[in-house]
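Take a look at the structure set out below.
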């Protein structure tokens, strides 16, 4: 097997793996033992991929072996009753889930959503103009409204709406339990054979599961009722309900499947846009260079649009560098599992091994990304490496690549370009007028890791951009009403 730290009988390396931010320990082991490292959590072998090349070699080139999932006792079975497609092994229910998501979010289909993304972005710019202090809430509202619109055919006006708060609570709980080594039952699944009254790890996730079921069925039934009334716009849920018999799915399967964008889309999209703002506070020279490109191509009389993408190479590079510098899915998304024995570079990888592509290490690999702590968009412009020109690495690997990748990239591009065009992004000031720059490593602890909230100043660049934002918002108001 690949090299790694020596474990203890029965528990393996579980005692060495922190419950908080385990990706840091993964990266430490990769530096010590090499880009492919092995540990044991109980009796389960765990393979840690610390650089991009072995991740591509195994998870993409050998996807027939590595496209399955390990067993998720708490997050997958107890919390989700094996209904979350993201956590399913490579089986028929997963293929049905994947078909639903692919039909709704493949590259060509994603282009049909750019209209609502642009309209919601115009509202976002107006909200930041009016209330810049609460920029994080406005980013979350944008992300929520886009995914709810395309998934359920309705808009979101505030992150205080019940369905947003319930969704975010559900996702926060899911990511908090889906951390390797956190629950001993993941290493010792025989604990499931104990009388249920002695399975102390069940109570909390089972309570949360019932809340999730009630919530997701409410959303599904709301679309069904609007379909009967003829008042629902075309959306993923309506399409899937119409094809439910053909897909061979039960209602609860559909409810979970169509919720996937809602579940993942808010935290990842809003979190990435917050990371962009954090980066601009630390690297103001990047902001100035990007504004220069936008001023040359766009000017001040109109906002950037999706059609401008090919004319804005530096903005596209900033999007890529944001996704690299501090990736929200810090552990590379959900881990993979080997379905058969394999050998890689003379290292044995056993059947049943859990495989992590540790983005915390991969994106900070100086061999692939020189000076990795610096925010350098130029690395995506100057590099001869085709994997950097078409940078899909942050969205996963092989058959398990994120199905919402194209929707997410469009949201990030349109908002990054408009934020740079419209605002100067400056540090907050303390009571003495001194700039306060937030810690670039102060991130949350969950399976998805986003910046801990920080203050900053988002100041309009000039009167022309302010007038344009207000004019565009007035024109967008009526069109957004059509999505209610």
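Residue numbers (this note's numbering): 137 to 620.
C-beta: ideal position from N, C-alpha, C; glycine also.
What you are looking at is a predicted structure, and each value in this text was computed from that prediction instead of being measured.
Is residue i close to chain B, meaning its C-beta is less than 7 Å from at least one C-beta of that chain?
i	result
residue 597	The structure shown contains no chain B, having only a single protein chain.
Which same chain residues, not among the five before or five after residue i, have their C-beta less than 7 Å away from its C-beta?
i	result
residue 206	471, 473, 490
residue 417	561, 563, 573, 574, 592
residue 276	295, 402, 406
residue 426	450, 451, 454, 556
residue 434	440, 444, 557
residue 582	308, 311, 312
residue 536	203, 472
residue 116	No answer is possible for residue 116: it lies beyond the span of the chain, which begins at 137 and ends at 620.
Do you know how far the Cα of residue j is from the Cα of residue i?
i	j	result
residue 222	residue 228	13 Å
residue 211	residue 393	16 Å
residue 341	residue 348	10 Å
residue 239	residue 385	15 Å
residue 232	residue 201	20 Å
residue 421	residue 605	24 Å
residue 308	residue 615	33 Å
residue 245	residue 362	23 Å
residue 504	residue 360	49 Å
residue 184	residue 499	14 Å
residue 235	residue 162	33 Å
residue 325	residue 209	7 Å
residue 390	residue 396	10 Å
residue 357	residue 215	22 Å
residue 368	residue 322	42 Å
residue 157	residue 292	32 Å
residue 387	residue 345	16 Å
residue 540	residue 300	19 Å
residue 542	residue 237	12 Å
residue 217	residue 551	37 Å
residue 399	residue 298	14 Å
residue 143	residue 176	7 Å
residue 313	residue 599	48 Å
residue 412	residue 485	37 Å
residue 512	residue 586	20 Å
residue 548	residue 198	30 Å
residue 138	residue 147	19 Å
residue 509	residue 520	21 Å
residue 280	residue 492	28 Å
residue 534	residue 468	13 Å
residue 190	residue 196	9 Å
residue 339	residue 304	21 Å
Helix or strand or just coil, what does DSSP make of residue i?
i	result
residue 472	strand
residue 480	strand
residue 187	coil
residue 451	helix
residue 325	helix
residue 177	strand
residue 420	helix
residue 490	strand
residue 142	coil
residue 593	strand
residue 215	coil
residue 368	coil
residue 153	coil
residue 240	helix
residue 434	coil
residue 512	coil
Buried or exposed, going by whether 16 or more other CB atoms sit within 10 Å of the CB of residue i?
i	result
residue 495	buried
residue 354	exposed
residue 525	exposed
residue 283	buried
residue 577	exposed
residue 610	exposed
residue 219	buried
residue 182	buried
residue 145	exposed
residue 514	exposed
residue 464	buried
Who are the Cβ neighbours of residue i in its own chain at under 8 Å, not counting the five residues just before and after it?
i	result
residue 193	480
residue 267	274
So, at 6 Å on beta carbons, what are the nonlocal neighbours of residue i in its own chain, with the 5 sequence-adjacent residues on each side left out?
i	result
residue 278	256, 260
residue 476	201, 487
residue 497	163, 166, 186
residue 306	348
Contact between the stretch 526–541 and the stretch 453–460 is defined here as three or more beta-carbon pairs at a separation below 8 Å; is this criterion met? As far as the Cβ criterion goes, the stretch 526–541 touches the stretch 453–460, which means the pair count is three or higher.
Quick check: the stretch 332–340 against the stretch 370–377, are at least 3 beta-carbon pairs closer than 8 Å? no
Check whether the stretch 152–167 and the stretch 311–329 are in contact - that is, three or more C-beta pairs closer than 8 Å. yes
Report yes or no: do three or more beta-carbon pairs, one from the stretch 432–452 and one from the stretch 595–609, lie closer than 8 Å? yes
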